[in-house]
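With our numbering applied, the sequence shown covers 27 to 184. Everything on this sheet refers to the single structure shown next.
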Amino acid sequence: MTLDRPPQDIPATAERKRRVLVSSTSSDSHTWNLVFLQILLEEMGHDVVNVGACVPDELLISECERVQPDMVVISSVNGHGFLDGRRLISRLRRTESVSGLPVVIGGKLGTRGSEGEGFGAALMDAGFDAVFEDGEGIGAFRDYLAMTGAPRILETAS
Numbered sequence: 027m028t029l030d031r032p033p034q035d036i037p038a039t040a041e042r043k044r045r046v047l048v049s050s051t052s053s054d055s056h057t058w059n060l061v062f063l064q065i066l067l068e069e070m071g072h073d074v075v076n077v078g079a080c081v082p083d084e085l086l087i088s089e090c091e092r093v094q095p096d097m098v099v100i101s102s103v104n105g106h107g108f109l110d111g112r113r114l115i116s117r118l119r120r121t122e123s124v125s126g127l128p129v130v131i132g133g134k135l136g137t138r139g140s141e142g143e144g145f146g147a148a149l150m151d152a153g154f155d156a157v158f159e160d161g162e163g164i165g166a167f168r169d170y171l172a173m174t175g176a177p178r179i180l181e182t183a184s
């Protein structure tokens, strides 16, 4: 796991949840990873908006503006996470209305597997708040969620 700044110890509870937007990159058609992340995040007490697979950058940015999430989680399975993610975060950081939004990326970020170089530093430099590379396991992501961000009180439907 690569972190940009020290995490804050503010876990979500039943009264204080995060609204998390989950998506793949524009070239990634896999959905099982997104369903897994949605279930994991919901079990941790967060509200999740799953935008789905093959999401164009512009659609992801407009959904961020519409939903106003506390965090965005980008997942990659096809090995193009580094290329797609770098382009996406650059566009998102240039969009004033969502430029300060916490955004993390994880999964298979390159196509060379364990032979490839780590992508964490380059993706952090591009603007991601945390990077979870393939092979780290879900534990690092869970730890990050338990330690970061300032969840807000979400209104519940009566």
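Note that CB positions come from ideal geometry on N, CA and C, so glycine has one too.
Less than 8 angstroms separates the beta-carbon of residue 54 from that of residue 80.
If only uninterrupted beta strand (DSSP E) runs of at least 3 residues are considered, those enclosed by the region 95–177 are 97–102, 129–133, 156–159.
The C-beta of residue 61 has fewer than 16 other C-beta atoms within 10 Å across all chains shown, which makes the residue exposed. Rounded to whole angstroms, the separation of the alpha carbons of residue 138 and residue 128 is 28 angstroms. By the C-beta density criterion, residue 147 is exposed, having fewer than 16 other C-beta atoms within 10 angstroms.
DSSP, reduced to helix, strand and coil, places residue 54 outside both helices and strands of the structure shown, so it counts as coil. Annotation: residue 66 to residue 151 spans about 28 angstroms, alpha carbon to alpha carbon.
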